[in-house]
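According to full-length UniProt numbering, the sequence shown holds residues 1 to 213 in order.
Input: a single structure, listed below in structure tokens.
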Amino acid sequence: MDFNSLNMKQFVKDAGSALSRVVQLTEEKLGTSEKTELDAHFESLAGRADVTKLWTEKMVSDCGAVLIPNPGNRVEDFLFEKIEKKKPSRLSNMEYLGIDMTEAGNAFGPGTTYGTALIKVGQYEQKLGTAEREFVNNAHVAFVQPLQKFLDGEMKTIVKERSLLESKRMDLAQSFYWKRLKEIYELPSPSSIVRRRLPNCCWKGSRLVILLI
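What follows is the structure, encoded as structure tokens:
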């Protein structure tokens, strides 16, 4: 058995099916082909799924922008999540400011008024930065991660199943189309009907003439 020829036949078959689906979908969009209607309850559920997916993705994106304003850090965290490695622990901007203010205060001298003020404010800036970092981590774990898990799990399954169902629906519509087309071409033409009925009509006409005579 030639597996290469089998693979080529399967490839041609799949390509033909994909092309037929594209043609069917285009004709449905243009209104030149009938669309196989799905159950109304299913259509309602599909609409709710689309709305849920749209707004969940928006919330995940917006929360990421608020919690991690630096786009470079967001990309870095996204890559670490994809390769399932621990994200790098980075200080918040307030913590960096607090550290620099504390070091500056020590440099100016803890005994000076300016140095003392810098050290005191720097310490509180570090505390605020630590609280901010903990809030960001907690919000990400408790809110963003469950939403992202839903998108990567249940929602991805829903999208996959709907795509499969849509492919089957278009295949069914195509089969109905070809069946109707075949029935049209197999219908006898008017001329063939006349030709078949002409001998019978002639026989009945001649018999009527004989009876009249």
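C-beta: ideal position from N, C-alpha, C; glycine also.
Between the beta-carbon of Met101 and that of Gly122 there is about 3 Å, and that keeps the pair under the 8 Å contact cut. Contact between the stretch 159-172 and the stretch 54-63 is absent: fewer than 3 CB-CB pairs across the two stretches fall below 8 Å. Cβ contact annotation for Arg162 (same chain, cutoff 8 Å, sequence separation greater than five): Ala46 and Ala49, in chain order.
Secondary structure of Asn70 (DSSP, three-state): coil.
Membership of Glu103 in the alpha helix (DSSP H) is indicated by the continuous run Asn93 to Phe108. Assigned with DSSP and collapsed to three states, Thr56 falls in helix. Leu91 places its beta carbon 8 Å or farther from that of Ala104. The C-beta distance from Glu125 to Leu97 rounds to 5 Å, short enough to fall under 8 Å. When secondary structure is reduced to three states using DSSP, Glu125 falls in the helix class.
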